[in-house]
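Visitor: Note that UniProt numbering has the sequence shown beginning at 1, numbered continuously upward.
Beta carbons are placed, not taken as given, at the ideal position from N, Cα and C, and that holds for glycine.
My structure is below; once you've seen it, I'll send some questions.
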Amino acid sequence: MTVLETLPIRKLAAMVRSRKISAVEVTSYFLNRIMAFDDAICGFNVPAPETAMGAARDLDKQLAAGGEAGALAGIPLSIKDIADVAGLPSAGASASRAGRMASTDATVVARMKIAGGIALGKANCHELAFGGPSFDLPYPPARNPWNRDRFPGGSSSGSGVTVAAGLCLGSLATDTAGSIRLPATMCGVFGLKPGRDTLPLDGIAVLAATMDHVGPVARTADDTRILFDVMAGRSPGPPCSGSLHGLRIGVPSDDWGVGSLMHPDVQTGLESAIDVARSEGAEIVPLELPSLDDFHAPATILMMAEIAAEHAASVRAAWDKFGAIFRARALVGEGITAEDYRLAERLRPVLTRRLFDAISSVDCLLVAGALAPPGPLASVDSFYFMKEPIPNIVANYTGFPALAFPAGVSSEGMPIGVQIMGVPGSEHRLLDIAENYERADPSRFAAGTPPDFGNAASLAFPTGSAPIEPCET
């Protein structure tokens with residue numbers, strides 16, 4: 001029996017292209033997993049079995065006729081609910097957009113489809129990528145597959161959940177202050193926030209115009225690389241063939257001021273990443289960086305002001321159509337003065353240059369993916385991102401690329417992770433570094449499988465459905 005949810009994208013796509021397995025078989029397999037598991041974790045807002053099976057049949061016909069298929073041939077995907085997929089609802093988990101249907105694909109979605117990717121449906125998210133986790137929306141919040149009472153990260157919660165639970169092999173997510181990297185960290189998978197303007201945002205709902213980014217979530221560094229390259233409209237490069245030897249890995253000389261806020265298990269994961277790099281022959285370079293507070297304050301001002309500019313009027317005009325958390329968050333920015341916004345904008349190139357100067361002498365900057373392991377879902381602070389400086393927002397403010405990946409588990413068995421940040425254009429370098437970490441210590445730096453999400457082919461299925469026949473490789 002082939003456990004498809006653990007296969008690398010390169011291998012499974014090659015199997016589909018060579019017709020060792022059909023796209024219909026692959027799609028059926030993952031739709032079975034969605035039927036078996038998704039009710040428990042709410043990873044999909046809108047499963048799309050008919051659309052997905054239609055796309056799979058079309059791909060099989062194309063291959064049977066001698067046609068070609070791209071790097072994502074038959075690969076099952078989830079698409080965050082704020083990104084348009086033609087013919088599917090695009091409500092962003094909000095009652096304010098109920099009934100909204102997308103007539104065309106977002107550009108990055110179209111590129112994934114052209115490469116042979118199969119969209120299984122719309123992934124859950126915080127309301128309009130900001131208001132959550134909420135219990136007063138049309139959809140319940142996504143739950144962490146490692147412990148369903150714990151927070152899976154957000155706002156791209158469904159992207160992290162569907163990949164981690166093996167309901168798809170990749171997801172399209174968005175990131176305004178860490179919304180790709182936080183679910184990747186808390187669900188134990190990989191998430192890349194590319195540099196600003198690297199991937200097009202058309203067809204994706206705006207949250208904060210100058211802070212928004214789109215990128216992939218996947219199980220491995222190489223899977224993430226393939227998805228990123230396809231989303232960028234190019235053929236994927238080869239997997240990494242190297243090691244950490246000779247790399248210069250920067251770390252903040254003073255824990256960037258968050259050492260006292262960091263959970264001991266997260267500190268252990270970060271230290272293990274440093275130790276492994278050293279043991280593999282990398283040099284650890286302490287860096288003097290601008291204060292994290294210096295980044296956090298203006299970045300938060302920009303983000304909250306831009307969110308209010310985009311959404312506050314709609315909230316006031318249709319109050320009952322929005323969840324309580326989104327209403328509260330979206331209106332905060334109305335209190336930000338034009339002078340404060342202009343100052344935050346003026347500081348942006350100054351701080352960006354200072355960060356560039358600090359990290360351009362190293363291959364990456366290594367920091368925690370989150371300051372604590374996933375906490376209880378029902379008690380997430382609605383304004384946690386505004387209270388203490390967080391490393392995540394720095395990459396959105398500066399536009400630098402950043403990649404989150406696993407770094408072990410906490411004492412309670414919950415994922416913890418690290419992230420690496422680089423200068424503009426260094427996405428592939430970051431992916432290579434993460435892949436070298438996977439290779440150096442896969443027990444810690446590779447994605448695991450949550451214990452309750454084994455092979456769905458052995459499960460009982462709802463009336464009228466059945467698992468596909470086992471496929472051999």
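1. In the DSSP assignment, find the unbroken beta strand (DSSP E) run with residue 213 in it and report its ends.
2. According to DSSP, simplified to helix, strand and coil, what is residue 247?
3. According to DSSP, is residue 109 part of a helix, a strand, or is it coil?
4. So, helix, strand or coil for residue 48, using DSSP?
5. With distances taken from CA atoms, which of 444, 139, 370 is nearest residue 263?
6. Taking only the alpha-carbon atoms, compute the straight-line gap between residue 443 and residue 365 and give it to the nearest angstrom.
7. Can the beta-carbon of residue 341 be found closer than 8 Å to that of residue 313?
8. Counting beta carbon pairs with one atom in the region 232-239 and one in the region 138-153, are three or more of them shorter than 8 Å?
9. Since residue 97 contacts residue 91 with CB under 8 Å, what's their CB separation in whole angstroms?
10. Would you report the Cα separation of residue 247 and residue 440, rounded to the nearest angstrom?
11. What's the C-alpha gap between residue 420 and residue 166?
12. Between the C-alpha atoms of residue 307 and residue 52, what's the straight-line distance to the nearest angstrom?
13. Going by the beta-carbon positions, is the gap between residue 190 and residue 220 smaller than 8 Å?
14. Using a Cβ-Cβ cut-off of 7 Å (strictly less than) and excluding sequence neighbours within five positions of residue 34, which residues of its own chain qualify?
15. Can you tell me which of the three DSSP states residue 20 falls into?
16. Leaving out the 5 sequence neighbours to the left and right, which residues in its chain are closer than 7 Å to residue 356 when beta-carbon positions are compared?
17. Residue 129 lies in the beta strand (DSSP E); which residues open and close that run?
18. Assuming residue 102 contacts residue 87 (C-beta within less than 8 Å), just tell me the rounded distance between them.
19. Can you list, in chain order, the stretches of the alpha helix (DSSP H) that have 4 or more residues and sit fully within the region 232-287?
20. Return the first residue and the last residue of the beta strand (DSSP E) that residue 3 is part of.
21. For residue 429, collect the residues of the same chain with a Cβ closer than 8 Å to its Cβ; drop the 5 residues on either side in sequence, then sort them by chain order.
22. What is the C-beta distance between residue 153 and residue 186, in whole angstroms, given that I count them as a contact (C-beta under 8 Å)?
23. Alpha carbon to alpha carbon, how far is residue 329 from residue 224? Give it in angstroms, no decimals.
24. Tell me, to the nearest whole angstrom, how far the beta carbon of residue 192 is from that of residue 427; I am working on the premise that it is less than 8 Å.
25. Where residue 291 and residue 383 are concerned, what is the direct C-alpha to C-alpha distance, given to the nearest angstrom?
26. In the DSSP assignment, what residue or residues form a beta bridge with residue 420?
27. Could you check if residue 319 is buried or exposed, using at least 16 other CB atoms within 10 Å of its CB as the buried criterion?
28. Are there 16 or more other CB atoms within 10 angstroms of the CB of residue 388, so buried, or fewer, so exposed?
29. When DSSP labels each residue in this structure, what does residue 386 get in the three-state scheme?
30. Put residue 166 into one of helix, strand or coil per three-state DSSP.
31. In this structure, what does DSSP give as the bridge partners for residue 101?
32. Around the Cβ of residue 22, are there at least 16 other Cβ atoms within 10 angstroms (buried) or fewer (exposed)?
33. Tell me, please, which residues DSSP counts as bridged to residue 190.
34. By the three-class DSSP mapping on this structure, what secondary structure does residue 409 have?
35. Kindly indicate the opening and closing residues of the alpha helix (DSSP H) around residue 347.
36. If I measure Cβ to Cβ from residue 352 and keep anything under 6 Å in the same chain, skipping five residues before and after, which residues do I get?
Guide: Well, looking at it:
1. For this step, residue 213 is matched to residue 213 along the sequence shown. From DSSP, the beta strand (DSSP E) with residue 213 extends over 213-218.
2. Taking the first residue of the sequence shown as position 1, residue 247 is located at position 247. Note: residue 247 maps to coil in three-state DSSP.
3. By one-based count along the sequence shown, residue 109 stands at place 109. DSSP places residue 109 in helix when its eight states are reduced to three.
4. In the sequence shown, counting from the first residue as 1, residue 48 sits at position 48. Assignment of residue 48 by DSSP, reduced to helix, strand and coil, places it in the coil class.
5. Sequence index remark: in the sequence shown, residue 263 carries index 263 (1-based). When each option's Cα is compared against that of residue 263, the closest is 370.
6. Against the sequence shown, residue 443 aligns to sequence position 443. Against the sequence shown, residue 365 aligns to sequence position 365. If you take the alpha carbons of residue 443 and residue 365, they lie about 23 Å apart.
7. Counting from one through the sequence shown, the residue named residue 341 turns up at place 341. Counting from one through the sequence shown, the residue named residue 313 turns up at place 313. Taking 8 Å as the Cβ cut-off, residue 341 and residue 313 do not qualify as a contacting pair.
8. no
9. The residue you call residue 97 lines up with position 97 of the sequence shown. The residue you call residue 91 lines up with position 91 of the sequence shown. The Cβ separation is near 4 Å, so the contact holds.
10. Start at 1 with the first residue of the sequence shown, and residue 247 comes out as number 247. Start at 1 with the first residue of the sequence shown, and residue 440 comes out as number 440. Each residue's Cα considered, the two are about 14 Å apart.
11. Here residue 420 refers to the residue found at position 420 of the sequence shown. Here residue 166 refers to the residue found at position 166 of the sequence shown. Taking the straight line joining both Cα atoms gives about 25 Å.
12. As a first step, residue 307 is located in the sequence shown; it is residue number 307 there, counting from the start. As a first step, residue 52 is located in the sequence shown; it is residue number 52 there, counting from the start. Cα to Cα, the separation comes out at about 33 Å.
13. Sequence index remark: in the sequence shown, residue 190 carries index 190 (1-based). Sequence index remark: in the sequence shown, residue 220 carries index 220 (1-based). Contact flag set, yes.
14. Within the sequence shown, the letter at position 34 stands for residue 34. Counting only Cβ-Cβ distances below 7 Å, and skipping sequence neighbours, we find 44, 47, 120, 167.
15. Counting from 1 along the sequence shown, the entry for residue 20 is found at position 20. Residue state, collapsed to three classes: coil.
16. Position 356 of the sequence shown holds residue 356. So the qualifying residues of the chain are 423.
17. Working through the sequence shown from its first residue, we reach residue 129 at position 129. First-last for residue 129: undefined, no H or E at that position.
18. For the purposes of this step, residue 102 is taken as the residue at position 102 of the sequence shown. For the purposes of this step, residue 87 is taken as the residue at position 87 of the sequence shown. With a Cβ gap of about 7 Å, residue 102 and residue 87 count as contacting.
19. Runs of the alpha helix (DSSP H) spanning 4 or more residues and lying entirely within the region 232-287 occur at 264-279, in chain order.
20. Along the sequence shown, one-based indexing puts residue 3 at 3. Looking at the DSSP string, residue 3 is not in any beta strand (DSSP E), and its letter there is neither H nor E.
21. Position 429 of the sequence shown, counting from 1, holds the residue named residue 429. Contacts found: 363, 364, 422.
22. Walking along the sequence shown from the start, residue 153 turns up at place 153. Walking along the sequence shown from the start, residue 186 turns up at place 186. Indeed they touch by this definition, with Cβ atoms about 4 Å apart.
23. Translated into positions along the sequence shown, residue 224 becomes position 224. Translated into positions along the sequence shown, residue 329 becomes position 329. Their Cα atoms are separated by approximately 31 Å.
24. Here residue 192 refers to the residue found at position 192 of the sequence shown. Here residue 427 refers to the residue found at position 427 of the sequence shown. The Cβ separation is near 7 Å, so the contact holds.
25. The residue given as residue 291 occupies position 291 in the sequence shown. The residue given as residue 383 occupies position 383 in the sequence shown. Their Cα atoms are separated by approximately 21 Å.
26. What you label residue 420 is simply residue 420 of the sequence shown in a count that begins at 1. In the DSSP output, where bridge partners are listed per residue, residue 420 has 366, 403.
27. Looking up residue 319 in the sequence shown gives position 319. So residue 319 ends up on the exposed side.
28. The residue labelled residue 388 in the question sits at position 388 within the sequence shown. Counting Cβ neighbours within 10 Å, residue 388 comes out exposed, since fewer than 16 surround it.
29. Position 386 of the sequence shown, counting from 1, holds the residue named residue 386. DSSP places residue 386 in helix when its eight states are reduced to three.
30. Locating residue 166 in the sequence shown gives position 166, where the first residue counts as 1. Coil.
31. Counting from 1 along the sequence shown, the entry for residue 101 is found at position 101. Answer is 89.
32. The residue you call residue 22 lines up with position 22 of the sequence shown. So residue 22 ends up on the buried side.
33. Looking up residue 190 in the sequence shown gives position 190. DSSP output for residue 190 lists 218 as bridge partner(s).
34. Walking along the sequence shown from the start, residue 409 turns up at place 409. DSSP places residue 409 in the strand class (E or B) of the three-state scheme.
35. Translated into the one-based positions of the sequence shown, residue 347 becomes position 347. From DSSP, the alpha helix (DSSP H) with residue 347 extends over 338-359.
36. On the sequence shown, position 352 is the one that residue 352 refers to. Result list for residue 352: 398, in chain order.
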